[in-house]
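Here's the structure, in structure tokens; my notes come after.
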Amino acid sequence: MKTVRIDFAGPKSEDMARRFFSYLVDGGLEDQLIEALSEKGVTLEINDSNATDLAVLFQCREATMVIREAKNKLVSLKGVKK
87 MKTVRIDFAG
97 PKSEDMARRF
107 FSYLVDGGLE
117 DQLIEALSEK
127 GVTLEINDSN
137 ATDLAVLFQC
147 REATMVIREA
157 KNKLVSLKGV
167 KK
């Protein structure tokens, strides 16, 4: 496991750090990062996050595993009535 650290400094840095965390987890930045960083055979997803500590855990996964899980979810949803 490797860690990347991002620090905010200066006026209102705590507010800016919280806004960044929110944008990362709920505001669409996660999707942009996944698209930009994923490559053939490997993708990533947010596995866990902690709003109090402003911490995010990204899980790197083999792309074939992700595809298999998506197919399993689709199969299990076929029997669900709308």
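Taking the working numbering, the leading residue of the sequence shown gets 87, the next gets one more, and so forth. Every residue, glycine too, gets a C-beta built ideally from N, C-alpha and C.
Rounded C-beta distance between residue i and residue j? I'm assuming under 8 Å.
i	j	result
residue 104	residue 140	7 Å
residue 137	residue 107	7 Å
On the CB-based measure, 16 or more other CB atoms within 10 Å of its CB, does residue i come out buried or exposed?
i	result
residue 89	exposed
residue 123	exposed
residue 110	buried
residue 129	buried
Tell me, which residues are paired with residue i by DSSP?
i	result
residue 148	128
Please list, in chain order, all residues of the same chain as residue i whose beta carbon is under 8 Å from its beta carbon, the five residues on each side excluded.
i	result
residue 133	143, 144 and 145
Can you find the residues in the same chain that come closer than 7 Å, C-beta to C-beta, to residue i, ignoring five residues on each side of it along the sequence?
i	result
residue 127	148 and 149
Going along the chain, which residues of its own chain have a beta-carbon closer than 6 Å to the beta-carbon of residue i, five neighbours each way excluded?
i	result
residue 115	109
Original post:
At what residue ranges does the region 111 to 145 contain a whole run of the alpha helix (DSSP H), taking only runs of 4 or more?
Top reply: Within the region 111 to 145, the complete alpha helix (DSSP H) runs of at least 4 residues fall at 115 to 123.
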